[in-house]
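Peer 1: The number in the numbering used here is simply the position in the sequence shown, starting from 1, with 10 added.
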Amino acid sequence: MQTGQQTIVRTDTENPYLLLTPGPLTTTRTVKEAMLKDWCTWDEEYNGLVRSIRDRLTTLAAPGRERDYTAVLMQGSGTFSVEATIGTALPKEGGKLAIAVNGAYGERIVQIAQTLGIETAVLRFDEREPVDPAKVSLLLSSDPAVTHFAVVHCETTTGILNPLAEIASAVRDSGVTFIVDAMSSFGGIPMDIHELGAHFLISSSNKCIQGVPGFGFVIAERETLKGCKGRARSLSLDLYDQWETMESSGGKWRYTSPTHVVRAFDQALQELEQEGGIAERHRRFAASQSALVSGLKEAGFEALLAQELQSPIITAFRYPSESFDFSLFYQHLKSNGFVLYPGKLTAVPTFRIGSIGDVSEVDMERLTAIVKTYMEVQ
Ligand SMILES: *Cc1c(COP(=O)(O)O)cnc(C)c1O
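#1: Mind checking which residues open and close the alpha helix (DSSP H) that includes V92?
#2: Could you check where the alpha helix (DSSP H) with I203 kicks off and where it finishes?
#3: Ends of the alpha helix (DSSP H) at Y329?
#4: So, with DSSP's three-state summary, where would you put V387?
#5: Please state if the CB of A44 and the CB of R273 are separated by a distance shorter than 8 Å.
#6: Let me know if L211 comes out buried or exposed under the rule of 16 or more other beta-carbons within 10 Å of its beta-carbon.
#7: What would DSSP say about T360, mapped onto helix, strand or coil?
#8: What's the C-alpha gap between Y250 and K102?
#9: Cβ-heavy atom distance between E136 and ligand 1 below 7 Å?
#10: Measuring straight from C-alpha to C-alpha, what distance separates V19 and R376?
#11: Helix, strand or coil for P200? Go by DSSP, reduced to three states.
#12: Does the Cβ of L245 have 16 or more other Cβ atoms within 10 Å, making it buried, or fewer, making it exposed?
#13: Can you tell which of W263, G287 and P154 has its C-alpha closest to the C-alpha of E54?
#14: Quick check: the Cα distance between F84 and L315, rounded to an integer number of angstroms?
#15: Quick check for students: name the residue ranges of the beta strand (DSSP E) that lie wholly in the region 261 to 345, counting only runs of 3 or more.
#16: Going by C-alpha distance, which of P32, Y79 and E176 is nearest D65?
#17: Any idea what DSSP makes of I128, helix, strand or coil?
#18: From E312 to V132, what distance separates their C-alpha atoms?
#19: In its own chain, which residues sit with a C-beta less than 7 Å from the C-beta of G97, not counting the 5 before and 5 after it?
#20: Would you kindly check if the distance between the Cβ of T157 and the Cβ of K236 is under 8 Å?
#21: Report whether the distance from the Cβ of G198 to the nearest heavy atom of ligand 1 is below 7 Å.
#22: Are there 16 or more other CB atoms within 10 angstroms of the CB of P26, so buried, or fewer, so exposed?
#23: Under 6 Å Cβ to Cβ from A208, same chain only, skipping five residues before and after it: list those, please.
#24: Do you know offhand how far P73's Cα is from E205's?
#25: If you draw a straight line from the C-alpha of A178 to the C-alpha of A160, how long is it?
#26: Excluding the 5 residues flanking E93 on each side, which residues of the same chain have their C-beta closer than 7 Å to its C-beta?
#27: Taking the CB atoms as reference points, tell me whether I63 and D276 lie closer together than 8 Å.
#28: Quick one: grab the DSSP three-state call for I229.
#29: Going by the CB atoms, is the gap between T378 and A309 shorter than 8 Å?
#30: Compare the beta carbon distance of E281 and V41 with 8 Å and say whether it is the shorter of the two.
#31: Among S215, G104 and Q284, whose alpha-carbon lies nearest the alpha-carbon of A155?
#32: Could you compute how far the alpha carbon of S370 sits from the alpha carbon of H292?
#33: If W52 sits next to T269, beta carbons under 8 Å apart, how far is it from one beta carbon to the other, in whole angstroms?
#34: Do you know how far the Cα of G116 is from the Cα of V162?
#35: Pull up the distance between the alpha-carbon of S151 and that of D183, whole angstroms please.
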């Protein structure tokens, strides 16, 4: 027990450190406790829970328009849901996917499409620049073969927030099917799939909803999804078939579902509501992120991006000097209760700190105090 330090009473005392990572992230004790029971996959009680989760997700994504949208849950990490969406949405013949890329997750969509043998048109930007809606517009009007367009909302590579509303209006004009990877932003940044005119919006259990990893989910425009029967290039990643089974069998998944994870997710959704919904959660993340940036600035660290490009989800920081030893820094912070994330940029050496999960401004202030002391003795 340390004395003379600011004492923060955390409920999850079995965790030696907080995960300041973009998922898996720090979850509440109550979310973890929801997994202490074994759940049958076909029992009515469990299926009712699945139905309720699907309904609540649809309401979060399309408030007031629930009849036009539907939520499909899919086993696996977030990438499995991206792959299921791409592989089910694109027709087997005559489809072409345009992708705007400014980071590793955009590149992953390109890789998925290429693996599935889907024709692509890739619009690349520097990782430190947002996707330019005017260039999206130009691409879509100059290539009439394009049938679908995909973009990442918050590029977790850098933490950059792409201008989704402006991109959406460029896409809407073209009439193509619009797929949004909102993996690291859904639940933490307000968005409305109907207002965006998006057809598929993808996220997962272990990001802003603050559940544990194990499944992804796709909010889909019902009519668009209905038209996807028989298109999938994979049996287990058939988004249409998964949806059809969930709809017609009252919440049943095809194949074994991650029951404990689903139970924890239900608890996480209740806690999102108790917090005051997405708007409140967004406010907390933004307050944490801004406390983090100003605190680390005082300690000598510069954020990679200008604050106006930055999301409240994760922030990349430049190494303060050429001699900076990230692994020593990382070990020091880990032994003082914080786990960070390495960088993912090729051009500039960076590390990243997430501001999502069960963490607050107070945790960020505690972190920056430790960083300042560390830097002073270097
Ligand atoms: C986390 C994430 C994914 C999915 O990654 P998994 O490791 O498969 O969960 C996809 N896109 C973005 C933007 C992400 O942040």
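Beta carbons: idealized from backbone N, C-alpha and C, even for Gly.
Peer 2: Reading off the structure:
#1: On the sequence shown, residue 92 is found 82 positions in, with the first residue counted as 1. That run of the alpha helix (DSSP H) goes G88 to A99.
#2: Within the sequence shown, residue 203 is the residue found at index 193, counting from 1. Counting along the chain, the unbroken alpha helix (DSSP H) around I203 starts and ends at I203 to L206.
#3: Taking the first residue of the sequence shown as position 1, residue 329 is located at position 319. Counting along the chain, Y329 sits inside no alpha helix (DSSP H), nor does DSSP assign it H or E at all.
#4: If you number the sequence shown from 1, residue 387 lands on position 377. Annotated three-state conformation of V387 is coil, per DSSP.
#5: In the sequence shown, counting from the first residue as 1, residue 273 sits at position 263. In the sequence shown, counting from the first residue as 1, residue 44 sits at position 34. In contact: R273 and A44 (Cβ atoms closer than 8 Å).
#6: Counting from 1 along the sequence shown, the entry for residue 211 is found at position 201. Flag for L211 reads buried.
#7: Looking up residue 360 in the sequence shown gives position 350. Residue state, collapsed to three classes: strand.
#8: Here residue 250 refers to the residue found at position 240 when the sequence shown is read from its first residue. Here residue 102 refers to the residue found at position 92 when the sequence shown is read from its first residue. The straight-line gap from Cα to Cα measures roughly 14 Å.
#9: Mapped onto the sequence shown, residue 136 falls at position 126. It is worth fixing the name first, because residue 136 is Asp in this sequence and not Glu. No, the beta carbon of D136 sits no closer than 7 Å to any heavy atom of ligand 1.
#10: Working through the sequence shown from its first residue, we reach residue 19 at position 9. Working through the sequence shown from its first residue, we reach residue 376 at position 366. Confidence in V19 is poor, its pLDDT being 47 and thus under 50, which makes the residue's placement too unreliable to answer from.
#11: Taking the first residue of the sequence shown as 1, we reach residue 200 at position 190. Residue state, collapsed to three classes: coil.
#12: Here residue 245 refers to the residue found at position 235 when the sequence shown is read from its first residue. Exposed: under 16 other Cβ atoms inside 10 Å.
#13: Mapped onto the sequence shown, residue 54 falls at position 44. Ranking the options by Cα distance to E54, first place goes to W263.
#14: Counting from 1 along the sequence shown, the entry for residue 84 is found at position 74. Counting from 1 along the sequence shown, the entry for residue 315 is found at position 305. What sits at residue 84 in the sequence shown is Met, not Phe. About 33 Å.
#15: Along the region 261 to 345, the beta strand (DSSP E) occurs as fully enclosed runs of 3 or more residues at 324 to 328, listed in sequence order.
#16: Taking the first residue of the sequence shown as 1, we reach residue 65 at position 55. Ranking the options by Cα distance to D65, first place goes to Y79.
#17: Along the sequence shown, one-based indexing puts residue 128 at 118. Shown here, I128 sits in coil according to DSSP, grouped into three states, outside any helix or strand.
#18: Locating residue 312 in the sequence shown gives position 302, where the first residue counts as 1. Locating residue 132 in the sequence shown gives position 122, where the first residue counts as 1. Approximately 31 Å between the Cα atoms of the pair.
#19: The residue you call residue 97 lines up with position 87 of the sequence shown. Hits under 7 Å: L126, A242, R243, S244 and L247.
#20: For the purposes of this step, residue 236 is taken as residue 226 along the sequence shown, with counting starting at 1. For the purposes of this step, residue 157 is taken as residue 147 along the sequence shown, with counting starting at 1. Going by C-beta atoms, K236 is not nearer than 8 Å to T157.
#21: Along the sequence shown, read from residue 1 onward, the residue named residue 198 stands at position 188. No - ligand 1 has no heavy atom lying nearer than 7 Å to the Cβ of G198.
#22: Here residue 26 refers to the residue found at position 16 when the sequence shown is read from its first residue. Exposed, by the Cβ-count rule.
#23: For the purposes of this step, residue 208 is taken as the residue at position 198 of the sequence shown. Within its own chain, the residues whose Cβ lies closer than 6 Å to the Cβ of A208, once the five positions on either side in sequence are excluded, are F188 and V190, listed in chain order.
#24: Along the sequence shown, one-based indexing puts residue 73 at 63. Along the sequence shown, one-based indexing puts residue 205 at 195. So the two alpha carbons sit approximately 10 Å from each other.
#25: Along the sequence shown, one-based indexing puts residue 178 at 168. Along the sequence shown, one-based indexing puts residue 160 at 150. Within the model, the alpha-carbon separation for A178 versus A160 is close to 10 Å.
#26: Here residue 93 corresponds to residue number 83 of the sequence shown, with the count starting at 1. Taken in chain order, the residues that qualify are I122 and L247.
#27: Taking the first residue of the sequence shown as 1, we reach residue 63 at position 53. Taking the first residue of the sequence shown as 1, we reach residue 276 at position 266. Inclusion of I63 and D276 in the CB contact set at 8 Å is warranted, their separation being smaller than that value.
#28: Position 219 of the sequence shown holds residue 229. Strand, per DSSP.
#29: Mapped onto the sequence shown, residue 309 falls at position 299. Mapped onto the sequence shown, residue 378 falls at position 368. Yes.
#30: Here residue 281 corresponds to residue number 271 of the sequence shown, with the count starting at 1. Here residue 41 corresponds to residue number 31 of the sequence shown, with the count starting at 1. Yes, the Cβ-Cβ distance between E281 and V41 is below 8 Å.
#31: Residue mapping note: residue 155 aligns to position 145 of the sequence shown, counting from 1. Of the listed residues, the one whose Cα sits closest to A155 is G104.
#32: Position 360 of the sequence shown holds residue 370. Position 282 of the sequence shown holds residue 292. Cα to Cα, S370 sits roughly 11 Å from H292.
#33: The residue labelled residue 52 in the question sits at position 42 within the sequence shown. The residue labelled residue 269 in the question sits at position 259 within the sequence shown. In fact, because the Cβ distance is near 10 Å, the residues do not count as touching under 8 Å.
#34: For the purposes of this step, residue 162 is identified with residue 152 of the sequence shown, where counting begins at 1. For the purposes of this step, residue 116 is identified with residue 106 of the sequence shown, where counting begins at 1. So the two alpha carbons sit approximately 6 Å from each other.
#35: By one-based count along the sequence shown, residue 151 stands at place 141. By one-based count along the sequence shown, residue 183 stands at place 173. Distance between S151 and D183, taken at the CA atoms: about 9 Å.
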